[in-house]
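I have placed the structure first, in the form of C-alpha cells, so that the comments after it can refer back to it.
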Amino acid sequence: MKMQFLHTIITENRHEGPGYAQLRFRGDTPLAGLPGQFVMIRGDWGFHPTLPRAFSLVRAGAEGAVLVRDVGEGTHRLTQLQPGDALDVLGPLGNAFALPPKGVRPVLVAGGVGVAPLAFLAQQLHAAGRSFAFVYGARAAADLSLKDELAALGPLHCVTEDGSYGETGLVTAPLQRLLDDGTPSAVMACGPHPMLRAVTHLALAANAPVQVALEAPMACGLGTCKGCVVTAHDGVFHYVCSDGPVFDGEVIFGRAP
Ligand SMILES: Cc1cc2nc3c(=O)[nH]c(=O)nc-3n(C[C@H](O)[C@H](O)[C@H](O)COP(=O)(O)OP(=O)(O)OC[C@H]3O[C@@H](n4cnc5c(N)ncnc54)[C@H](O)[C@@H]3O)c2cc1C
Ligand code: FES
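If you count the sequence shown from 1, position 117 lands on 117 in my numbering, and the numbers rise without skipping.
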C-alpha cells in the first residue's frame, strides 16, 4: 500500500474519557490503511516536539482516526487540537493483521490504548459480516475508552483490574474461557508487552495462532533510525516499524517455559 504524506484538517476531537481523545481528520485525498498499520502524526506547533508521534489507525478512508492517550508533550498537544486545526499525517506504515480463514473465529484482545488497531479490525470484520469475539481490558472503567463503539459491533467481554466495569481481573480469564469453548480460534492482540506475552502463551497452549501488535519508541517510523528495536525471546532483534508492528506472537515471546 502506497505511503502518503497528507496535510489534513481535524474534523472532530472526541473526548473518550480522562486523558483520551479520538482525533478524526480529512485530507484532500483519502488515507489508505488497514487494521494494524500506523501513521506518524504531528500538529502545526513549531519546533517542539520536533518528531512526529506514532499512532495506530482506528479508521482510514476519507476520514481517518486515531485514539490518543495523553502521556507526554506530543500526545498532550495532540489531545488539545480542535476542529479546523492542521495535522500532518505520514502513512500508512508497517504491516497489518492477517485475517484468519473463514471457519476460524477471530478473538481480539485489547489492553488499554492497545484497543485502537483492534477497533479498526472489529469494524472491518463487522462490515464483512464475520462473527468474532472481543476481550477488552484496562485498569479501570475510565480507560475503556471505546467500549460503547465496540459494543455496537459484536460480543464484548470487558475486564477491569479494579472491578469498576465488567469482570474484575485480567484479559487472560475471558480469553481462556473462549479458547476452551471448542471453537477454532485465531487470536489478535495489542496492549502492554506483559499482557501480550501472557496472551501468546495461552493461545499457543490451545493451538491457536496468535498475532501481536507491538509498540516501541519511534523516531522515524520508516526503518532508518534503528530506534524501535525489540529483542525476541531467542535474542533476535526486530524493528517494530519496518518488520511489524504486527508479529507472530510465537516469534516474539516463544512458548511458555
Ligand atoms: C506502532 C505504534 C502505534 C501506537 N499507537 C498508539 C495509539 O493508537 N494511541 C496512543 O495513545 N499511543 C500509541 N502509540 C504510543 C505513542 O506513539 C506514544 O505514546 C507517543 O509517542 C508518546 O509521545 P509523547 O511526546 O506524548 O511522550 P514523550 O514525552 O515522548 O514520552 C512520555 C512517556 O511515554 C513513553 N513513550 C514514548 N513513546 C512511547 C511509545 N512508542 N510506546 C510506549 N511508550 C512510549 C516514554 O517512555 C515516557 O514515559 C503507538 C506507538 C507505536 C510505536
Ligand atoms: S522508528 Fe526508526 S527504524 Fe523504526
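Just so you know, even glycine gets a beta-carbon here, dropped at the ideal spot from N, CA and C.
| Check | Outcome |
| --- | --- |
| S131, DSSP secondary structure in three states | coil |
| Per-residue DSSP class, three states only, for C158 | strand |
| Bounding residues of the beta strand (DSSP E) (the contiguous stretch that carries T11) | Q4 to H15 |
| Under 9 Å between C-beta atoms of A219 and C225 | yes |
| Reduced DSSP secondary structure (H/G/I, E/B, other) of V58 | coil |
| Three-state secondary structure (DSSP) of S185 | strand |
| Rounded Cβ spacing between L93 and M188 (contact assumed at less than 8 Å) | Going by Cβ atoms, the distance from L93 to M188 rounds to 18 Å, so no, they are not a contact pair. |
| Residues near G74 in its chain [Cβ-Cβ closer than 6 Å; skip 5 each side] | P49 and R53 |
| Span separating the alpha-carbon of N13 from that of R42 | 15 Å |
| V260 (DSSP reduced to helix, strand or coil) | Coverage of the chain is limited to positions 1 through 257, which leaves residue 260 absent and any answer about it impossible. |
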